[in-house]
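Asker: Structure in structure tokens, see below.
There are 2 protein chains.
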Amino acid sequence: MILVKIGGGEAINLEAVITDLAGLDQPCMIVHGANVLRDHLAQRLGMEKTVLTSVSGYSSVFSDQDALDVIMMSYSGLRNKQIVELCQRNGINAVGLTGLDGRLVQGERNKGIRVRENGKIMIKRDLSGKPRSINSDLLSLLLERGYCPVLTIPIVDENGFAINSENDDIVVQVAAALEVDCVLHLIEAPGFLDDPDDDSSLVRHMTRGQLADREAAVEGRIKRKLLALTRLCQRDNTRVIIADGRGENPVIEALDGAGTHIHD
Amino acid sequence: MILVKIGGGEAINLEAVITDLAGLDQPCMIVHGANVLRDHLAQRLGMEKTVLTSVSGYSSVFSDQDALDVIMMSYSGLRNKQIVELCQRNGINAVGLTGLDGRLVQGERNKGIRVRENGKIMIKRDLSGKPRSINSDLLSLLLERGYCPVLTIPIVDENGFAINSENDDIVVQVAAALEVDCVLHLIEAPGFLDDPDDDSSLVRHMTRGQLADREAAVEGRIKRKLLALTRLCQRDNTRVIIADGRGENPVIEALDGAGTHIHD
Chain R
2 MILVKIGGGE AINLEAVITD LAGLDQPCMI VHGANVLRDH LAQRLGMEKT
52 VLTSVSGYSS VFSDQDALDV IMMSYSGLRN KQIVELCQRN GINAVGLTGL
102 DGRLVQGERN KGIRVRENGK IMIKRDLSGK PRSINSDLLS LLLERGYCPV
152 LTIPIVDENG FAINSENDDI VVQVAAALEV DCVLHLIEAP GFLDDPDDDS
202 SLVRHMTRGQ LADREAAVEG RIKRKLLALT RLCQRDNTRV IIADGRGENP
252 VIEALDGAGT HIHD
Chain A
2 MILVKIGGGE AINLEAVITD LAGLDQPCMI VHGANVLRDH LAQRLGMEKT
52 VLTSVSGYSS VFSDQDALDV IMMSYSGLRN KQIVELCQRN GINAVGLTGL
102 DGRLVQGERN KGIRVRENGK IMIKRDLSGK PRSINSDLLS LLLERGYCPV
152 LTIPIVDENG FAINSENDDI VVQVAAALEV DCVLHLIEAP GFLDDPDDDS
202 SLVRHMTRGQ LADREAAVEG RIKRKLLALT RLCQRDNTRV IIADGRGENP
252 VIEALDGAGT HIHD
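Chains as they are written, first to last, in the working numbering: chain R, 2 to 265; chain A, 2 to 265.
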């Protein structure tokens with residue numbers, strides 16, 4: 002089974018990705034983002050992001066109910082159904098789902114962020130958390146019957162509430178719960194770049210050790226992504242590829258060697 | 002199995018509906034609308050409805066790609082996941098789906114509307130159609146495993162495209178495809194009213210013949226709704242109730258006799 006993570010950027014060639022997948026002779030599952038759609042929708046609705054800075058200096062987006070509503074509209078609504086529609090047009094019998102549906106991705110709600118307000122330290126708790134387990138029975142049931150699950154946020158917390166989470170972390174959980182032969186991350190770059198501004202700095206091969214070293218050396222959002230990749234690569238039999246989702250045959254080219262391949 | 006159609010009005014007491022359903026000792030399935038959310042979102046996004054008038058004088062909303070996008074955001078996204086979340090909080094393991102997912106509701110695209118433009122008669126074809134069949138294998142699979150399907154538009158056309166359709170017509174198809182004991186329509190009125198402006202004109206019982214007579218006597222959108230009900234009531238063993246979704250125990254009260262009950 003191939004698990005494809007489709008990034009939420011605008012330049013990803015969705016039609017090409019789905020056409021490629023339809024031509025493969027193996028079951029597949031998709032996890033996708035929609036951050037550009039989300040930001041665009043929030044802007045059109047005049048809904049500003051709330052960014053909190055913790056006392057330790059770490060900044061993060063605060064997921065309040067408005068933010069969750071926008072996630073439901075852009076990730077679970079528009080982008081998910083656009084991908085399912087493309088699949089159906091190409092003969093892939095896709096079923097769009099969020100982590101809420103059938104408690105597919107069960108998470109643990111974050112405890113809160115310590116912030117300083119008017120000189121006092123307060124705990125602000127939002128609607129976000131980390132995926133901890135997968136309803137693999139439901140996913141297996143769908144895969145066995147020939148359906149292609151198309152999964153995105155939100156996920157469900159301990160009490161049944163919808164919470165925001167990282168789709169990259171969901172990929173790690175799904176890969177651990179199912180027999181995944183290959184995880185393909187499709188992004189808006191040729192793969193992992195030594196210099197983010199220079200496409201020719203593509204790293205074609207990376208060992209797990211090199212990946213862990215890089216993760217230790219960086220900061221910010223990329224660190225979180227590399228950490229998710231490191232966890233993903235702890236599994237022995239899973240091939241992990243990071244490749245360009247913008248081309249005419251993104252999946253075929255990645256499986257043929259394009260992008261960054263992570264191995265022992 | 003009880004099939005509950007939840008109208009798309011703002012005054013429906015969603016929490017009460019789901020709490021009631023959680024207390025019932027039988028499998029359930031939900032089909033829902035979201036027209037108020039849809040109109041509200043379209044307005045906030047500055048997207049005007051396009052209404053076409055056919056040469057025969059019949060007016061209808063034109064479903065273009067923008068309209069479908071808004072449907073995906075409001076019906077498949079926000080409202081569907083709000084209902085799934087409420088179910089999960091109350092112990093119902095709901096799975097939110099559209100007619101696109103798993104080709105759950107297969108439709109036939111409308112042939113187009115004949116309109117007069119600049120003195121010429123033209124055919125305008127939009128992204129809408131009628132549901133013709135149901136993937137009952139997928140629905141049965143979910144119901145057998147204890148999941149509660151929560152279904153809404155869009156549906157899928159003959160070529161895999163997303164199209165707009167009437168949720169009331171979807172209810173008719175689902176009731177015909179599955180063993181449904183009771184269909185409960187929850188609306189923003191005490192039931193079927195003789196005079197729409199007078200709640201005391203509630204019709205408590207209606208035979209199928211009376212329903213057909215009323216359908217023949219009215220025009221406009223209500224005619225379409227009554228036609229769907231007439232089709233629904235052609236099934237012998239299905240109890241059909243139209244009841245108020247605004248109370249504290251909408252489902253329990255309807256099953257206990259509130260609203261309009263349609264029988265032989």
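Don't be surprised by glycine CBs; every beta carbon is placed ideally from N, CA and C.
#1: Would you call the segment 168-175 of chain R and the segment 218-233 of chain R touching, i.e. three or more CB-CB distances under 8 angstroms?
#2: Out of A:Glu159, A:Ser60, A:His262, point me to the one whose CA is closest to A:Gln211's CA.
#3: To the nearest angstrom, how far is the alpha carbon of R:Lys82 from that of R:Asp102?
#4: Just to confirm my understanding: we take A:Lys6, look at its own chain, exclude 5 residues before and 5 after, and list those with CB closer than 6 angstroms. What are they?
#5: Measuring only between beta-carbons, confirm whether R:Leu79 sits less than 7 angstroms from chain A.
#6: Counting only beta-carbon separations shorter than 7 angstroms, does A:Arg225 have a partner in chain R?
#7: In three-state terms, what does DSSP make of R:Gln235?
#8: Using DSSP with H/G/I as helix, E/B as strand and the rest coil, what is A:Asn81?
#9: Could you check the C-alpha separation between A:Asp21 and R:Gln27 for me, to the nearest Å?
#10: For R:Leu140, which option in R:Met74, R:Ala163, R:Arg104, R:Val85 has the closest C-alpha, if you only look at C-alpha atoms?
#11: Could you check the C-alpha separation between R:Asp138 and R:Ala213 for me, to the nearest Å?
#12: If A:Arg110 and A:Ile164 are in contact, beta carbons under 8 angstroms, what's the gap, nearest whole angstrom?
#13: Where does the unbroken alpha helix (DSSP H) through A:Ser275 begin, and where does it stop?
#14: Nearest chain R C-beta to A:Ala109 closer than 7 angstroms, yes or no?
#15: Enumerate in chain order the residues of its own chain whose CB-to-CB distance from R:Lys50 is below 6 angstroms, with the five nearest sequence positions on each side excluded.
#16: If we ignore side chains and look at the alpha-carbon of each, how far apart do A:Leu273 and A:Gly246 end up?
#17: Quick one, which of A:Pro155, A:Gln174, A:Leu53 has its alpha-carbon nearest A:Ile122's?
#18: Hey, A:Cys183 and A:Ala95 are a contact pair by Cβ (cut 8 angstroms); roughly how many whole angstroms apart?
#19: CA-CA distance, R:Val219 and R:Asp195?
#20: Mind listing the chain R neighbours of A:Ala163? Cutoff is C-beta to C-beta under 9 angstroms, in chain order.
#21: Confirm, please, whether the CB-CB distance from A:Ser57 to A:Leu128 is below 7 angstroms.
#22: Could you have a look at R:Asp245 and say whether DSSP puts it in helix, strand or coil?
#23: Near R:Val18, what residues of its chain come up, given a Cβ to Cβ distance below 8 angstroms and the 5 sequence neighbours on each side ignored?
#24: Hey, would you say R:Asp199 sits closer than 7 angstroms to R:Pro191, going by beta carbons?
#25: Is A:Gln27 helix, strand or coil by DSSP?
#26: Within the continuous beta strand (DSSP E) that includes R:Glu159, where are the two ends?
#27: Hey, out of A:Leu25, A:Gly10, A:Leu98, whose CA is closest to A:Asp40's CA?
#28: Which residue or residues does DSSP assign as beta-bridge partners of R:Gly108?
#29: Going by DSSP, what residue range makes up the beta strand (DSSP E) through R:Ile171?
#30: Quick one: grab the DSSP three-state call for A:Pro251.
#31: In angstroms with no decimal places, state the Cα-to-Cα distance between A:Leu238 and A:Ala177.
#32: For A:Cys234, tell me which candidate among A:Thr208, A:Lys224, A:Gly248 has the shortest Cα-Cα distance.
#33: From A:Val151 to R:Gly47, what distance separates their C-alpha atoms?
#34: Excluding sequence positions up to five away, which residues of its chain have a Cβ less than 7 angstroms from the Cβ of A:Asp265?
#35: Buried or exposed: which applies to R:Asp257, given that a residue is buried once 16 or more other Cβ atoms fall within 10 Å of its Cβ?
#36: Counting along the chain, where does the beta strand (DSSP E) carrying A:Glu1 start and finish?
Answerer: Taking the definition as stated:
#1: yes
#2: To locate residue 211 of chain A, count along the second sequence from 1; it is residue 210. For A:Gln211, the nearest C-alpha among the options comes from A:His262.
#3: As a working mapping, residue 82 of chain R is identified with position 81 in the first sequence. As a working mapping, residue 102 of chain R is identified with position 101 in the first sequence. Spanning the two alpha carbons is a distance of roughly 15 angstroms.
#4: Within the second sequence, the letter at position 5 stands for residue 6 of chain A. Same-chain partners within the cutoff: Val32, Val172, His186.
#5: Counted from its first residue, the first sequence places residue 79 of chain R at position 78. Yes, R:Leu79 counts as interfacial toward chain A.
#6: Along the second sequence, read from residue 1 onward, the residue named residue 225 of chain A stands at position 224. No, because no Cβ of chain R sits closer than 7 angstroms to the Cβ of A:Arg225.
#7: In the first sequence, the residue the question calls residue 235 of chain R occupies position 234. Here R:Gln235 sits in coil by DSSP.
#8: One-based indexing of the second sequence puts residue 81 of chain A at position 80. If DSSP states are grouped into helix, strand and coil, A:Asn81 belongs with the helices.
#9: For the purposes of this step, residue 21 of chain A is taken as residue 20 along the second sequence, with counting starting at 1. For the purposes of this step, residue 27 of chain R is taken as residue 26 along the first sequence, with counting starting at 1. Answer to the nearest angstrom: the Cα atoms are 43 angstroms apart.
#10: The sequence position of residue 140 of chain R within the first sequence is 139, counting from 1. The residue with the shortest Cα to Cα distance from R:Leu140 is R:Arg104.
#11: Working through the first sequence from its first residue, we reach residue 138 of chain R at position 137. Working through the first sequence from its first residue, we reach residue 213 of chain R at position 212. Roughly 32 angstroms separates the two Cα atoms.
#12: For the purposes of this step, residue 110 of chain A is taken as residue 109 along the second sequence, with counting starting at 1. For the purposes of this step, residue 164 of chain A is taken as residue 163 along the second sequence, with counting starting at 1. Going by Cβ atoms, the distance from A:Arg110 to A:Ile164 rounds to 6 angstroms, so yes, they are a contact pair.
#13: Missing from the structure shown is residue 275 of chain A; chain A here goes from 2 to 265 and no further.
#14: What you label residue 109 of chain A is simply residue 108 of the second sequence in a count that begins at 1. The question names Ala, but residue 109 of chain A in the sequence shown is Glu. A:Glu109 does not count as touching chain R.
#15: Mapped onto the first sequence, residue 50 of chain R falls at position 49. The residues are Val62.
#16: Given a span of 2 to 265 for chain A in the structure shown, any question on residue 273 of chain A remains unanswerable.
#17: The count along the second sequence starts at 1 and reaches residue 122 of chain A at position 121. Considering only alpha carbons, the answer is A:Leu53.
#18: Start at 1 with the first residue of the second sequence, and residue 183 of chain A comes out as number 182. Start at 1 with the first residue of the second sequence, and residue 95 of chain A comes out as number 94. Not confirmed; about 19 angstroms, so no contact.
#19: Mapped onto the first sequence, residue 219 of chain R falls at position 218. Mapped onto the first sequence, residue 195 of chain R falls at position 194. Approximately 12 angstroms, taken between the alpha carbons.
#20: The residue you call residue 163 of chain A lines up with position 162 of the second sequence. The answer, in chain order, is Lys82, Gln83, Val85, Glu86, Gln89.
#21: In the second sequence, counting from the first residue as 1, residue 128 of chain A sits at position 127. In the second sequence, counting from the first residue as 1, residue 57 of chain A sits at position 56. No, they are not a contact pair.
#22: Position 244 of the first sequence holds residue 245 of chain R. In this structure, R:Asp245 counts as strand in the three-state DSSP scheme.
#23: The residue labelled residue 18 of chain R in the question sits at position 17 within the first sequence. Excluding positions up to five away in sequence, the list reads Val5, Ile7, Leu187, Gly246, Pro251, Val252.
#24: The count along the first sequence starts at 1 and reaches residue 199 of chain R at position 198. The count along the first sequence starts at 1 and reaches residue 191 of chain R at position 190. No, they are not a contact pair.
#25: In the second sequence, the residue the question calls residue 27 of chain A occupies position 26. Three-state DSSP puts A:Gln27 in coil, outside helix and strand.
#26: Numbered from its first residue, the first sequence carries residue 159 of chain R at position 158. It is not in any beta strand (DSSP E) - R:Glu159 carries neither H nor E in the DSSP assignment.
#27: Taking the second sequence and counting its residues from 1, one reaches residue 40 of chain A at position 39. If we check each option's Cα against that of A:Asp40, A:Gly10 comes out closest.
#28: Looking up residue 108 of chain R in the first sequence gives position 107. In DSSP, R:Gly108 forms a bridge with R:Pro132.
#29: Against the first sequence, residue 171 of chain R aligns to sequence position 170. No beta strand (DSSP E) contains R:Ile171, which is instead part of the alpha helix (DSSP H) from 168-178.
#30: Within the second sequence, the letter at position 250 stands for residue 251 of chain A. The answer is helix: DSSP assigns A:Pro251 an H, G or I state.
#31: Against the second sequence, residue 238 of chain A aligns to sequence position 237. Against the second sequence, residue 177 of chain A aligns to sequence position 176. Per the sequence presented here, residue 238 of chain A reads as Asn, with Leu not at that position. Roughly 11 angstroms between the two C-alpha positions.
#32: For the purposes of this step, residue 234 of chain A is identified with residue 233 of the second sequence, where counting begins at 1. Taking only the C-alpha atoms, the option nearest A:Cys234 is A:Thr208.
#33: Here residue 151 of chain A refers to the residue found at position 150 when the second sequence is read from its first residue. Here residue 47 of chain R refers to the residue found at position 46 when the first sequence is read from its first residue. About 30 angstroms.
#34: Taking the second sequence and counting its residues from 1, one reaches residue 265 of chain A at position 264. Closer than 7 angstroms at Cβ, skipping near neighbours: Thr208, Arg209.
#35: Position 256 of the first sequence, counted from the start, is the residue given in the question as residue 257 of chain R. Exposed, because fewer than 16 other Cβ atoms sit within 10 Å of the Cβ of R:Asp257.
#36: Residue 1 of chain A is absent from the model: chain A starts at 2 and stops at 265.
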